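Enquirer: Per the numbering used here, residue 10 is the first one in the sequence shown, and the count goes up by one each step.
Beta carbons: idealized from backbone N, C-alpha and C, even for Gly.
Owing to the predicted nature of the structure, the values given are computational and were not obtained by experimental measurement.
Below are the structure tokens for one structure; questions will follow.
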Amino acid sequence: MSDLFIRPRYFRDVIFHRHTDRAIGWLELFYDLVYVATLIQIGNFLSDNLTLLGFGQFIVMMFVVWWAWTGETLYQNRFVADDWLHRLLIFIQIAGVAVIGLSVSEAFGDLSVQFTVGYVMVRSIMIVLYIRTYVTHPESQAQSVNYMIGFGGGIAIWLGALFIPAAYHWVAWLVAIAFEIVFFARSSLRPGPNPWSIDVHHGVERFGIFTIIVLGEAFVKVLDDAQGTALALPQILFGIAGLVVLYAMWWLYFSDTADDTFDEVSANKTISWGYGHLLLAVGLVSFGVAVKKLFSSTISYAGEPVTEEYRLLFTVAIALFLVALALIDYGINDDLTAKSQKVAALVHVVSAVAVVIAGLVFTGVTATGFVTIIAVIMVVQVGLSVYQEAAAPPPAEHYPETT
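What follows is the structure, given as structure tokens:
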């Protein structure tokens, strides 16, 4: 109970008794689940708007929501805070996330103002968190001021968008995010060591947990849409192929990538690793929508060629996932891994090209047939990953010391 009255502390100043490394807190997990609930609504928006314009709007909302999530994630990464006031502020922030989620279906129309209000709520709480840190943790005042100004400038642009036509609000949203990115990059790229660096292992775990929840969303979408379906041979065969793709996606990230730390010394690699996870989330949510659509097509017309929009959505989803993996692998610290991350990244890029070619060439196959083709490409990648892992020597740090 005494933890409820402890001010925010920089993570390097805290001794964690229960684990060798710092563990993810229950409030952080709750926060992630609320965001994923909003991502489900964004996926539903894409499902109802399978056009080029709809996909563009889907990406904009994914960027907005993911960027909002990273704000709190990086704060909670640097500072250990779980007292009563911090919890109250996060609960208010969660209410803002709920407002965003409720506004997704008409974020580019009648509910654009409500969508803006939800985002401003989330960002305003971030400023309050940094004001509190400024007061209670004097050593990090410069860092806190930097974030207060950056988030404050972004909020001003979001609110300014309310004075332009609703159809163009999304442009201001992206401008606001671009402002924050450039503003924060300005300080992070200064020469010399960063006295307030992030907790790398905690960050890797937090991004990994968020990713596994989003990946599991694919099951939610299919089961919710096809509840009560009596499985016949076409649905069983599609299910096998779809699960192979899903398992391969899990393997390529969680067995092959998730536990490796990014190279925090290189700004380019850190950026590649971080924004690779944005693209990863876009690919995974798109994948869930595509699988739902393809599975429903096996119920309605199992023997007919898959429709173009479903085939292309599945193609884009897998390709984005693979490109995201390439960016993440590039950002990983090669010195701490057994195999070459550059080679792994190249394999993912080549595989993404193969997936795109398959999506453009195999136009006359059924949903099951097309997903099976993609499953083969994914399984080959898993095989290459296993081979590369087995053939690589252990990292230098694992060698026994010699005298």
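Using a Cβ-Cβ cut-off of 6 angstroms (strictly less than) and excluding sequence neighbours within five positions of GLN102, which residues of its own chain qualify?
Expert: The residues are VAL131, ILE134.
Enquirer: PHE371 to ALA107, Cα distance in whole Å?
Expert: 41 angstroms
Enquirer: For THR67, report the span of its alpha helix (DSSP H) as first-last.
Expert: The question names Thr, but residue 67 in the sequence shown is Phe. Counting along the chain, PHE67 sits inside the alpha helix (DSSP H) bounded by residues 61–87.
Enquirer: Secondary structure at ILE173, three-state DSSP: helix, strand or coil?
Expert: coil
Enquirer: With a threshold of 8 angstroms, are at least 3 pairs of Cβ atoms found where one atom belongs to the segment 167–183 and the other to the segment 142–149?
Expert: no
Enquirer: Taking the straight line between their C-alpha atoms, what separation do you get for THR279 and GLY378?
Expert: 39 angstroms
Enquirer: Identify every residue that forms a DSSP beta bridge with ILE140.
Expert: Paired residues: none, contrary to the question.
Enquirer: For ILE245, name the three-state secondary structure that DSSP assigns.
Expert: helix
Enquirer: Give every residue of the same chain whose Cβ lies closer than 8 angstroms to the Cβ of SER114, excluding the five residues on either side of it in the sequence, and list them in chain order.
Expert: GLN50, ASN53, PHE54, ASP57, LEU120
Enquirer: Which of the three DSSP states is assigned to ILE341 in this structure?
Expert: For ILE341, the three-state secondary structure derived from DSSP is strand.
Enquirer: Just the Cα atoms here: how many angstroms apart are LEU198 and PHE188?
Expert: Confidence at LEU198 is low in this model, with a pLDDT of 48, below 50, so the placement of that residue is unreliable and no value is reported for it.
Enquirer: In angstroms, rounded to a whole number, what distance separates the CA positions of VAL126 and ALA170?
Expert: 11 angstroms
Enquirer: Compute the Euclidean distance between the alpha carbons of GLY80 and LEU345, then round it to the nearest angstrom.
Expert: 28 angstroms
Enquirer: With distances taken Cα to Cα, identify the nearest neighbour of LYS302 among LYS230, ASN86, VAL395.
Expert: When LYS230, ASN86, VAL395 are compared, the shortest CA-CA separation from LYS302 is found for LYS230.
Enquirer: Contact defined as beta carbons within less than 8 angstroms: I believe LEU261 pairs with LEU334. What is the distance between those atoms, to the nearest angstrom?
Expert: 6 angstroms
Enquirer: Do the CB positions of PRO17 and ALA90 come within less than 8 angstroms of each other?
Expert: yes
Enquirer: What are the start and end residues of the alpha helix (DSSP H) that includes LEU111?
Expert: 93–112
Enquirer: Nearest-angstrom Cα distance between PHE72 and ALA361?
Expert: 21 angstroms
Enquirer: Measure the beta-carbon distance from GLY292 to LEU252 and round it to whole angstroms, keeping in mind my assumption that it falls under 8 angstroms.
Expert: Actually they do not touch by this definition, with Cβ atoms about 18 angstroms apart.
Enquirer: Could you tell me the boundaries of the alpha helix (DSSP H) in which HIS211 lies?
Expert: 209–234
Enquirer: Report the residue from SER206, SER281, ALA151, LEU336 whose alpha carbon sits nearest the alpha carbon of LEU87.
Expert: For the record, residue 87 in the displayed sequence is Arg; it is not Leu. The residue with the shortest Cα to Cα distance from ARG87 is SER206.
Enquirer: Rounded to the nearest angstrom, what separates GLY159 and PHE193 at their Cα positions?
Expert: 7 angstroms
Enquirer: Whose C-alpha, out of VAL137, VAL154, GLU398, THR220, is nearest the C-alpha of GLY283?
Expert: THR220
Enquirer: Which class does PHE296 belong to by DSSP, given the choice of helix, strand or coil?
Expert: helix
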